[in-house]
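Protein chains in written order, with this note's numbering: chain A, 1 to 415; chain B, 1 to 415.
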């Protein structure tokens, strides 16, 4: 890897592909991989290949990757054991007229790991968050859903961060409260007493364009108590954080007891899979909520998920990501301080984020991340980052060396 | 393959796995692969492997497969060229921080094949039908959606065939008309003049628990004319039929001009992918409708789709499936007639279906399909069937020999 600032990085091929894409794709690149909000011409837009904790873009630039495909890559790209398990199944087939034993094995494994009773599977996180909301409506016979302002639960109309094509009816019974502010939750519950089916939240708050916020002491206990009191089901959306904080779901890391938990991203180390896991008493209601998709019984992703869970456990990857993340975060704090910059490091160490204090318009952040990209380290300016088990201490130290240079330039620009 | 009725087929392992599944999965097996409506103990419930036009179940029973994974398998299971293209990409990686060139290539290919302007991609058919509806709402500024009674457009709340967990608001602006009955459409349009964003329909009608119905002469022309007159966008849901009737979308087979077309199933020959393709004038509105999923830029499925489209075209697979399907349908008609049974053969030859006349409760149909399964031919009692390009004339003749025996038993049972 070149982390030398002298090495010029061209993004010419990324820009050429983006121009081609723009002709045949609305917006050119849509969704979370959209380059619209990064620094034009200073970030890669198209990837070609990846290995471990690194990837290469369409111009041949190499990056130490702290986004990990926006989360799915938890063991490293192309993990040999996961890919071997997937390949073994692939030779037999993937998409059949029926499920395979892998579906049963994975449901048994997730039920055991989470301490809940059963599991179902889809392809997108959204498939599961939306279905979990429907299960709660079916179980309670109520309509209202409470969620955290700025939380993300997927692309479905009831929760999408977008406005285009959304009609008021899509969100008529969805109400928001403030993370770490139980009073705003109490207000909502009082206003809609007896009408609330579920509260959905991620295990900690990870908004886009904002610092992450861990649960305040007692917050989850209060949320749980308020939900139980009113017969409101608690849905933990662990799509983003799942399998980086605790093998059995982030609710065990933060010590609370949801009724339903949704997983996706890291579950299959990059293979498309999502899961909802629920308490035994919801099983009958769950069986009444329609759930299907053409590829949802795909056996390859199930085998990849079984292998991923096994390796995460065997190699104690979650502890490793925490240690590496702490090294990264501590180094960033120290680096910023050395250059007289004030930064906020937030989120759990394995899913870190750093922003500059008082950085109106995120300009310093974008400049910093662009300088990091120039030095071969990929960080997102306004979406939390992800570590994986393939990152090494040397990777972190290399990233911190790049950060030292990037901080210096940001500091110089402020003078 | 054993097509001998003497060969006993055990489903003991399927039943054992189903019992295990039922402990940790609501309903045991959910969705379209659910065994709930077939003959208990007379059909396989779990698959192990597949090749070409055949698959094997958990008990080692071999089946000539006329469901093709409920549609995705259009070239045959484990197609060597598709899998080679997928494998080549897989070695480089699948899920990245960015799209790859494959996304651009596939969008270019689908735009060209369909004669429309652009494409986007997801993982489920539902991802695309729902998004297309939102694009229509964004483009028109209207709320209402018209759909065909008994049509299937996926598992999202606005269109799901289920009722559990659905609230009235989910479908408040969704209205149904009758397939092949323009008067019921005219009524709806008159009642909601100026409020209808889109009409969504499959290119022909393929209800569950019913015969398929091709468009009556002039039906699509009338639908198009009525839509144009009122500024209603026409969405063709080609998820199920796509790439079995015309390489560029079934609208070209039936000669009508939708504004948006949704694909999935056969697009990647079993790899999880879906696409929406739209007219150029909708591109700006489309770019305003939020669209994303963790795995939606997955390059392996894109490469599989590019290979699938190439092979479908090169080997003229669509003509082949039509010929094979005609042989199958003609043989079934003749076989039924020989045994004095009245059957309805419906649907396009490549996506055939057969039912017994006046078969209240589908009992004869279930018995027939169970007898076919006993002879190693997998047909679904009340969901349309699918052919693939790997089926041979000999396969069809073998299936017809089994059908002769099954018809004889059904006829004997009626006496």
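Glycine included, C-beta positions come from ideal geometry on N, C-alpha and C.
Item	Value
Per-residue burial, residue 274(A) [other beta carbons within 10 Å of its own, 16 or more giving buried]	buried
Classification of residue 292(A) by the beta-carbon crowding that lies within 10 angstroms, buried from 16 upward	buried
Selected residue, minimal CA-CA separation from residue 356(B), among 323(B), 320(B), 406(B), 322(B)	406(B)
Contacting positions in the region 275-290 of chain B - beta carbon closer than 9 angstroms to chain D	Structure shown: chain D not included; protein chains present are A and B.
Residue 53(A) beta carbon less than 7 angstroms from that of residue 76(A)	yes
Local Cβ density within 10 Å of residue 2(A), reported as buried at 16 or more and exposed below that	Interpretation of residue 2(A) is limited by its pLDDT of 44, a score under 50 that renders its predicted location unreliable; the figure taken from the coordinates is listed afterwards. So residue 2(A) ends up on the exposed side.
Cβ shell of residue 156(A) (< 7 angstroms), same chain only, five flanking positions each side left out	126, 130
Beta carbon proximity, residue 17(B) to chain A, threshold 7 angstroms	yes
Complete alpha helix (DSSP H) runs within the region 112-140 of chain B (minimum length 4 residues, chain order)	125-140
Proximal chain B residues relative to residue 55(A), where beta-carbon distance stays under 9 angstroms	93, 96, 97, 98
Terminal residues of the beta strand (DSSP E) in which residue 279(A) lies	Premise fails: residue 279(A) is in no beta strand (DSSP E) and is neither H nor E.
For residue 283(B), the nearest candidate out of 206(B), 307(B), 135(B), 354(B) (CA to CA)	135(B)
Residues near residue 39(A) in its chain [Cβ-Cβ closer than 7 angstroms; skip 5 each side]	366, 370
DSSP bridge partner residues for residue 220(B) (one or two, in chain order)	DSSP lists no partner for residue 220(B).
Amino acids of chain B, ordered along the chain, whose beta-carbon sits closer than 8 angstroms to that of residue 67(A)	97
Segments of 3+ residues assigned as beta strand (DSSP E) that fall wholly inside the region 267-338 of chain B	274-278
Anticipated Cβ contact below 8 angstroms, residue 343(B) with residue 333(B), distance rounded	7 angstroms
Contact set between residue 195(B) and chain A, taken where Cβ atoms lie within less than 7 angstroms	What residue 195(B) touches in chain A: nothing, since even the nearest Cβ is about 11 angstroms away.
Simplified DSSP state of residue 237(B), which is helix, strand or coil	strand
C-alpha gap between residue 29(A) and residue 312(A), whole angstroms	32 angstroms
Beta-carbon neighbours of residue 46(A), restricted to chain B and to distances below 7 angstroms	98, 99, 100, 101
Selected residue, minimal CA-CA separation from residue 397(B), among 351(B), 330(B), 210(B)	330(B)
Collapsed DSSP secondary structure at residue 416(A) in the structure displayed	Lying outside 1 to 415, the shown extent of chain A, residue 416(A) is not represented and no answer is given.
Where residue 91(B) sits in the DSSP three-state scheme	helix
Residue range of the unbroken alpha helix (DSSP H) whose run includes residue 208(A)	No alpha helix (DSSP H) contains residue 208(A), which DSSP labels as neither H nor E.
Chain A contact residues for residue 265(B), given Cβ-Cβ distances below 8 angstroms	294
Under 7 angstroms between C-beta atoms of residue 175(A) and residue 146(A)	yes
Selection from 49(B), 91(B), 240(B), 67(B) that minimises the alpha carbon distance to residue 379(B)	67(B)
Residue environment, residue 231(B), which counts as buried when at least 16 other CB atoms sit within 10 Å	exposed
C-alpha distance - residue 97(A) paired with residue 272(B), whole-angstrom precision	14 angstroms
CB contact check: residue 202(B) to chain A, cutoff 7 angstroms	no
Span of the beta strand (DSSP E) around residue 65(B)	62-65
For residue 246(B), the residue or residues it bridges with in DSSP	Per DSSP, none; premise fails for residue 246(B).
Inter-residue spacing [alpha-carbon to alpha-carbon] between residue 225(A) and residue 219(A)	10 angstroms
Local Cβ density within 10 Å of residue 86(A), reported as buried at 16 or more and exposed below that	buried
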